[in-house]
Amino acid sequence: MQAKEDDTWITCAESRALEVTVTGLTQGKEYFFRVSAVNEKGKSEPKSLLAPVIVKDSSTGPIINLLSNTFSVKAGSDLKIDVPFKGVPPPTAAWKKDGTLVKETSRVNVHTSDTISQLVIRDATRIDVGAYEVTLSNSAGTTSAEISVNVFERPGPPSEISVDDVSADFVCLSWQTPYYTGGCEINNYVVEKRETSSTIWQTVSATVARTSIKISRLTQGTEYEFHVAAENRYGKSSFVESEHVVAQYPFKPPGPPTNLHVVQASKSVMVIAWSKPDSDGGSPVIGYHIECKDQSSILWTKLNRSQVTDNQYKVTSVEEGLIYEFRISAENVAGVGPCSKTSEPVAARDLCDPPSNLTVTNITTTTVSLSWDKPKYDGGAKIIGYIVERKELPDSCWLKCNFTNLLETFFEVTGLTEGEQYDFRVIAKNSAELFSTPSETTGPVTVQHDVEPPQIILEDKYRQVVVVKAGDLLRIDADISGRPNPTVYWLKNGRNIGTKGRVEITVTKTHTSLLIKESVRKDSGQYTLTLQNACGTMSKAVSCQVLDRPGPPAGPLEISGLTAEKCTLSWGPPHETGGAEILYYIVEKCETSRVSWTLVYGDMMATTCKIMKLLKGNEYLFRVKAVNKYGEGETLESEPIKALDPYTNPSPPTDVEVTSATNDTMTVCWKRPASDGGSRISGYIIEKREKHGVRWVRVNKKPVYDLRVKASCLHEGSEYEFRVFAENAAGLSEPSVPCPLTLAEDPKFLPSPPAKPTVVDTSRSSITLSWNKPLFDGGAAVTGYKVEHRKSTEEDWTVGIHNTDKTELTVAGLTTGAEYVFIVRAINKVGISEPSPETDPEVVMEREETPRFDISPEMRKTLLVKDGSSFTLTVPFQGKPAPTVSWDKADVDLRIRGLINVTSSLTSIAVEQATRDDSGKYTVKLQNAAGCASLTLGVRVLDSPGPPSHITVKDVTKNSATVTWDIPENEGGASVKSYLVDIRDISRTGWTRLTDKCRRLSYKVSDLEEGGIYFFRITGENEYGVGVPAETKEGTKMTDTTDWETNPGA
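Here numbering that gives the first Met the number 0 is used: position 426 in the sequence shown is 425, and no number is missing along the way.
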C-alpha cells in the first residue's frame, strides 16, 4: 500500500486467500493499494486498485437470511432453529415467544455467534407451539424476523358435544372440533356408545369425517351414553362424553278431533265430517278411528278396519229409523289420542225432496200468490205440510209466512209492501218430522200491479239441433207466459213466417207451436220465437236440419287455365249439405252442338278439377253435382265456352332494381309484368352488362320463379346494370328497362352493440366479464371490442381496454369493496358501435366456492391394475380459494408409497410396481375457507394371494393330523381357487408337497411316524399365480392324545 502524500510502497499483508483485511490505518487518510501474485519462481507484476481508498467507519445494520419462517417438530423430538445474519459490528440477538422474552432453561437454550443465532428446544411439547421473534441489534440498526413453530402430536378432545335429535331408534350427535388439533389436520372421529346399565363401550364408527353423526338401530326406551374422540395421523385423543339419553319419540299422541258433525243422513248411509285436532302432539296425524252407537245403547262399535286418512267418512252399516251418535280419535306415531266430543244424535231416515216448479200465479199491491208441485220423493213418509218463507231483497233474512200447518200446494202471501222486491221458497215436511231442503226460489218479485214480462220455456231437446228426415213432420213446441198476453212472432233466418201451404202456426195463452208438413231440404235453418208485450220482448232460437240430398254446389262454376286442349273447373261446397257429409262430386261435360252429357269424373273429392282432351274450337258446357249418403243433389252449370288458347307473350317486368350489393354479389328485384299474356308466368331470365361493356351476359342458367335473384362472381369495383325477361307458354317477353348502374362493393355500417355483458368472476381487485358477439357486424368483420367501466356512484366512464379481440376480459386495478358497472362497444373498420346495456352492479370482492370434484361416473368405478405395473389416479377439482389437498389410505402413508402431485385444479397420485397391498380405497380430501369435500376411489391389484391366516393343527393321532386355515386376508384381486399343502420333518430342511389341488380350508395328513415332529406350510393359488406361503410356527408331535404337543425347541 501507499499513503497519498507518500511515495513509498509498503507491504501490508501476505495471504493465501483472495481476500485480506488491512489494519493499522489512519481514519480519514487516503491510501493506494496494489496486489502481486507470488510463486516459487518469484513475484508477479503488481495490479493496482484504480481509485484511492479513504479510511472511514463501514458499519452496516444487521440483515437476516432466513430460508423458512415455519418450523415443525414431532412431540418429544428436539428442534433447532438457525437464524443466519450479517452485520458490522456483530449484532446482539434477543428471542421472544408470543411477545415475551424466551427464558433459557435446561430444555430451551439460545446460542449466538457473529454470523448465526440458534434456538434449541429439547423434548418439544405442546407449550412450545407459538410465534417466535428474533431481534438483532447493533450500532447501525435493528431488524427482526417472525418464526412459527408447530409441534405434531395427538389432538385434544372434541368440545361442546350435544344431542341434536332423539327418536325411538336413533340419536343425532354433534360436536365442535378440538381446541388443539395436534398441529395437523383431524383425519376422523371415533364414536362409541354404551347402555347405562352396562360398562362395555361399543364402537359406532371409527371413520366419522364430519362433526356430526346419526346413530341408528337403538332400542326404544333404553338409556344410552355416547363419547367421541378425535384422531389425526399421530394418534387418538381422549374421549369426551355426552349426557345420558333415552331413545324415545320426542312427541305425544294427538288431541281429540274437533267440530264432529253429520254432513248427510239417509235410511242406509250417513256421512260424517270433522276437523283436525288442535294439537298433533308434535307428529303428523296418520289416521283416524271412528266409533258409533245407538242413542239408547252404552256400547261403542268401531266402524273402520283400516286407518281413515281423510276428514270425512261414509257409514253404510246403519238401520233405518235408529238414532246414531258418533265419536272420533286421532292417531300419530306415538299412539292413539283421546276421543272427540260425541256428535249430535241423528236419525237414519231419508230426507224428502224439495217441492218443485214453484211459480208466481198472481201479484197485487199487497199480496203474492204462489203454487208448486209435491216433492217427487217423500223420504219414505207421507208429506204432512209445507212451510212458505219470504226474504225482502236485497239484504234481509228468510221469514216464515204461514204459522199454521199448510196442506195445499198453493198459498197467498199477504202483508207485503207495495214497490218492494221479495224472494220466496217452500220447504216440505213429512210424517217422520224430517224437513226437505228449500225449493228453488222464485227469483226477485216486485209487489205491484199484475204485469209480467214475456217468458219462453223450451224443452231441453230444442237446445240441440233438431234433425228430421226429408218428408217427415217438423214440429217446434214452446210454453209461453206474460201479462198482458204477449204477441207471438215466428221467424226463419230473420224473416217472418205465417200459416201458409205446408206451414201451420198455433198460438194459445200458454202455448205456441210451429208445424211444417212434408219437410224438405230448404226447411233447414234457424227458427226464432219472439214474444212481445208492454213489459218487454223475449226471443229464443231453434236450429233445424232436414236430412235430404244436397243442394247445388256454390257457384259460379269458374273456368280457368283455358287452352285449346284443357281447362280447370272450380266451385264451392253446397250451402245446403242435406244434413250429411258431402261424399264426392260428379263432373260432366257437353258440346253445345250435342244433347247428351259425358261423364268426366264420377268420384271427385276436391272442389277443383282439370278437364283434358278438349277439341280446339268446339264450344262446351260443364256441370257439377254433389253426392251425400241420401243421393245425388242438384246441378251447377257453367256458361258456354270455346276451347281456344287465350294467351300471348307477356309484357316485360317492371321496376328492376338492385336492393343490396357486396364486393362480388348483388341482389336484383323486380315486379311482375302488367300482363301475363293470358298464361301463367313460368319463369324469369336475367341478364347483366358492365358499364363499359357492349354484350349482355345471362345471369341464371335455369328460369327463376321468384321475383328476385342473386348475381354472383362480380368484379369488385365494377359497375353493373341488369334487365329481366318474363316467360310464359307463348315465349319470352320484351326485355325490361335496365336498372341504374350499381357499384360492386361491400356496404359499410357501424356494428350493432353487443348484448348485455355478464360478470363471470370477481377477485379483490378485478372483475372478469364475458359477452356475445353483436347480432349485426355492419357488413364488415368485428375487429375488436372496447370495454368501459364506472363506479355506481359516479357518472364518468373509464376505459378498461381500448381494443381486444376476445369476448372475455379481466378488468384489473379496481377498488376492493366498490360497486362497478360495465359496458362493451364493438369495433369494425367503419368505427365503434353504440354501447351495450350496462351490467348489473357488481361489488369487487373475492369469491368463495365450495370445493367440488369434476369427475365422470366412469372414474368412480374400481380401477383394475396388473401386478407389477404402475397406475395413476387423477382427480380434477374446483374451488375458491384453491383448496388444500390430502390423500389417505388405511394403514399406509401415501406420501412415501406414492408420488402425489397437486395443482390449483388437479391432483394425482402415482404408484409404481403395484402389489396386492396397494388394493383398497384411496380417499382424497379438499378443504378451503368455503367448505370441504371428499372422494373415495377403489383400486384392485390383480396379483397372487397373500398368506392364509390362522393355521392350526387338530385331531392329532399317532400317525395322522388335520391342518385347518382361513382364506388369505388379501386374495390378490381374484378368489383363491386351490391351496398347496407342504410338510417338513423337524430333522430335515426341505419341504415335501402333499397336494396342490386342495379346494377346502382343511387337509388331513396320514401315514406319519409315531412320535415324529412335523411342520406344515399352506400356500394359496388364484388365476394370477401362487401366493405367499404361511407355515406353522411350532412343530406338532404325533401322539395318541386329543391335545397335540409341540416341540418348544423346534
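Positions of the beta carbon are idealized from the N, C-alpha and C atoms, including for glycine.
Is residue i near residue j, with beta carbons less than 7 angstroms apart?
i: Thr647; j: Ala729; result: yes
i: Ser370; j: Phe402; result: no
i: Met537; j: Pro645; result: no
i: Leu731; j: Phe724; result: yes
i: Leu655; j: Leu749; result: Note on identity: in this sequence residue 655 is Val, with Leu being the wrong assignment. It is not a contact, given that the beta carbons lie outside the stated cut-off.
i: Ile185; j: Asn231; result: yes
i: Ala139; j: Ser35; result: no
i: Thr872; j: Ile899; result: Reading off the sequence shown, one finds Leu at residue 872, where the question assumed Thr. It is not a contact, given that the beta carbons lie outside the stated cut-off.
i: Ile479; j: Trp489; result: no
i: Asp853; j: Pro875; result: yes
i: Val506; j: Val519; result: no
i: Val119; j: Lys79; result: yes
i: Tyr248; j: Ala167; result: yes
i: Lys701; j: Thr664; result: no
i: Ile496; j: Ala477; result: no
i: Leu582; j: Trp570; result: no
Our contact map puts residue i next to residue j with C-beta atoms below 8 angstroms; I'd like the distance itself, whole angstroms only.
i: Glu633; j: Lys624; result: 6 angstroms
i: Ile822; j: Glu787; result: 5 angstroms
i: Leu350; j: Ser430; result: The Cβ separation is near 13 angstroms, so there is no contact.
i: Thr838; j: Arg763; result: That pair is no contact at about 19 angstroms.
i: Thr994; j: Ile1012; result: Actually they are not in contact, since the Cβ atoms of Thr994 and Ile1012 sit about 21 angstroms apart, beyond 8 angstroms.
i: Ser751; j: Leu774; result: 5 angstroms
i: Tyr131; j: Ile146; result: 4 angstroms
Decide if residue i is buried, meaning its Cβ has at least 16 other Cβ atoms within 10 Å, or exposed.
i: Ser832; result: buried
i: His243; result: exposed
i: His801; result: exposed
i: Tyr526; result: buried
i: Lys747; result: exposed
i: Ala50; result: exposed
i: Thr902; result: exposed
i: Leu217; result: buried
i: Tyr178; result: exposed
i: Ser143; result: exposed
i: Val396; result: In the sequence as presented, Val is not what sits at residue 396; that position holds Cys. Its Cβ having fewer than 16 others within 10 Å, Cys396 is exposed.
i: Gly470; result: exposed
i: Trp200; result: exposed
i: Cys712; result: exposed
i: Ala16; result: exposed
i: Ile826; result: buried
i: Ile766; result: buried
i: Ser523; result: buried
i: Arg548; result: buried
i: Pro1047; result: Model confidence at Pro1047 stands at a pLDDT of 42, short of 50, so the residue's coordinates are unreliable; what they give is reported in the following sentence. With fewer than 16 other Cβ atoms within 10 Å, it is exposed.
i: His110; result: exposed
i: Asn727; result: buried
i: Pro604; result: Looking at the sequence provided, one finds Met at residue 604 rather than Pro. Burial call: exposed.
i: Ile680; result: buried
i: Asp1042; result: Below a pLDDT of 50, predicted positions are generally treated as unreliable, and Asp1042, at 45, falls in that range; no measurement from the model is reported.
Going by the C-beta, is residue i closer than 6 angstroms to any heavy atom of the ligand HEM?
i: Gly1011; result: Judged by which ligands are present, the structure shown has none, so any question about the ligand HEM falls away.
Worksheet item: Counting pairs of Cβ atoms below 8 angstroms between the region 309-324 and the region 360-371, do you hit three or more?
Response: no
Discussion item. I'd like the ranges of any beta strand (DSSP E) spanning at least 3 consecutive residues and lying wholly in the region 576-607.
Written reply: 583-590 and 597-603
Discussion item. Give the list of continuous beta strand (DSSP E) stretches no shorter than 3 residues that lie fully inside the region 955-995.
Written reply: 960-965 and 977-984
Worksheet item: Are the region 164-174 and the region 201-214 touching by the rule of at least three beta carbon pairs closer than 8 angstroms?
Response: yes
Discussion item. Within 8 angstroms, do at least three Cβ pairs link the region 982-997 to the region 876-888?
Written reply: no
Worksheet item: Is the region 956-971 in contact with the region 1015-1025, if contact means three or more CB pairs nearer than 8 angstroms?
Response: yes
Item to complete: Return the chain-ordered ranges of every alpha helix (DSSP H) run that is complete within the region 829-883 and spans a minimum of 4 residues.
Response: Counting only runs of 4 or more, we get nothing.
Worksheet item: Which whole runs of the beta strand (DSSP E) in the region 187-241 are 3 residues long or more, in chain order?
Response: The qualifying runs are 187-194, 201-207, 211-214 and 222-231.
Discussion item. Check whether the region 341-353 and the region 320-327 are in contact - that is, three or more C-beta pairs closer than 8 angstroms.
Written reply: yes
Fill in: Those runs of the beta strand (DSSP E) which lie wholly inside the region 739-765 and span at least 3 residues
757-761
Discussion item. Between the region 695-703 and the region 751-758, can you find at least three pairs of beta-carbon atoms closer than 8 angstroms?
Written reply: no
Worksheet entry | 3-residue-minimum beta strand (DSSP E) runs that sit fully inside the region 139-171, ordered along the chain | 140-151 and 158-165
Worksheet item: When the Cβ atoms of the region 908-927 are set against those of the region 938-958, are three or more pairs found closer than 8 angstroms?
Response: yes
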